[in-house]
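Novice:
Numbering (our numbering), first residue to last: 1 to 224.
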């Protein structure tokens, strides 16, 4: 099941949604040309031991790596999946919150996601986390609250056949959330050597789910 667009029009240009996408894509291209993908992750990824203790040999303060890690990706499919979800759902959240509120919301969702992962992994973990998934999970949680009945165009695969189905966001995002929780529970307590930071997704999602109403402006005509 792959969503690719929604039937949820916006009233303003999604400036920061597109800007964030551009930064992520630009940095990934830069990583490819530098041929130092793993080195970037070690230098600018969010390492649980570092962001919990603030002790690190990284060139920048460990807390700043929480932010730099949000704009790095480990592969083309990792990048493409995140940018697809950000494009589908991010523009509506930016439209609702306004540009600056959206940016702050996105970044704080990413911070929450990083620390959710770090607390589960513990201060003994030195595996860097990179990717926008945690922050985008916050976008998904917010979208689920604000637009549960919006129709999402989704590719459904039935063997060799592909069908386009318009599914309510409640089902698309709800299914995604269930997958994250199940995988998080399955992998809990396992010593990770890499892979998917499931609890970062869960933490970001819960942040968006439970705080979005606090972020929404009371008077929409005052949004910048």
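Each residue gets a CB set at the ideal place from its N, CA and C atoms; glycine is no exception.
Here's a check: name, in chain order, each residue in its chain whose Cβ is nearer than 8 Å to the Cβ of residue 154, leaving out the five neighbours to either side.
Specialist: Translated into positions along the chain shown, residue 154 becomes position 154. These residues qualify, in order along the chain: 1, 2, 3, 4, 164, 165, 166, 167 and 172.
Novice: Please work out which residues of its chain come closer than 8 Å, Cβ to Cβ, to residue 97, disregarding the five sequence neighbours upstream and downstream, and give them in chain order.
Specialist: The residue labelled residue 97 in the question sits at position 97 within the chain shown. So the list reads 105, 215, 216, 217 and 223, once near-sequence residues are dropped.
Novice: With distance defined between alpha-carbon atoms, name the residue in 17, 11, 10 and 177 nearest to residue 204.
Specialist: Mapped onto the chain shown, residue 204 falls at position 204. When each option's Cα is compared against that of residue 204, the closest is 177.
Novice: From the DSSP output, which residues share a beta bridge with residue 46?
Specialist: Numbered from its first residue, the chain shown carries residue 46 at position 46. According to DSSP, residue 46 bridges with 129.
Novice: Three Cβ pairs or more, each shorter than 8 Å: is that satisfied between the stretch 88 to 95 and the stretch 111 to 131?
Specialist: Under the 8 Å Cβ criterion, the stretch 88 to 95 does not count as touching the stretch 111 to 131, having fewer than three qualifying pairs.
Novice: Hey, could you find the ends of the beta strand (DSSP E) residue 155 is sitting in?
Specialist: Translated into the one-based positions of the chain shown, residue 155 becomes position 155. Boundaries of the beta strand (DSSP E) around residue 155: 151 to 158.
Novice: Tell me the residue span of the alpha helix (DSSP H) that contains residue 95.
Specialist: Counting from 1 along the chain shown, the entry for residue 95 is found at position 95. Looking at the DSSP string, the run of the alpha helix (DSSP H) that includes residue 95 is 76 to 97.
Novice: Just to confirm the assignment, what range does the beta strand (DSSP E) spanning residue 163 have?
Specialist: Translated into positions along the chain shown, residue 163 becomes position 163. Start and end: 161 to 168.
Novice: Between which two residues does the beta strand (DSSP E) containing residue 62 stretch?
Specialist: Residue 62 sits at position 62 when you count from the first residue of the chain shown. Counting along the chain, residue 62 falls outside any beta strand (DSSP E), though it belongs to the alpha helix (DSSP H) covering 62 to 68.
Novice: How big is the Cα-Cα spacing for residue 18 and residue 99?
Specialist: Taking the first residue of the chain shown as 1, we reach residue 18 at position 18. Taking the first residue of the chain shown as 1, we reach residue 99 at position 99. The alpha-carbon separation between residue 18 and residue 99 amounts to approximately 11 Å.
Novice: Kindly indicate which three-state DSSP category residue 28 falls into: helix, strand or coil?
Specialist: For the purposes of this step, residue 28 is taken as the residue at position 28 of the chain shown. In the structure shown, residue 28 sits in a helix (DSSP, three-state: H, G or I).
Novice: Please look up how many angstroms separate the CB atoms of residue 256 and residue 121, rounded, as I've assumed it's under 8 Å.
Specialist: This structure gives no information on residue 256, because the portion of the chain shown stretches from 1 to 224.
Novice: Using a 10 Å radius around the Cβ and a threshold of 16 neighbouring Cβ atoms, would you call residue 66 buried or exposed?
Specialist: Residue mapping note: residue 66 aligns to position 66 of the chain shown, counting from 1. By the 10 Å Cβ count, residue 66 comes out buried.
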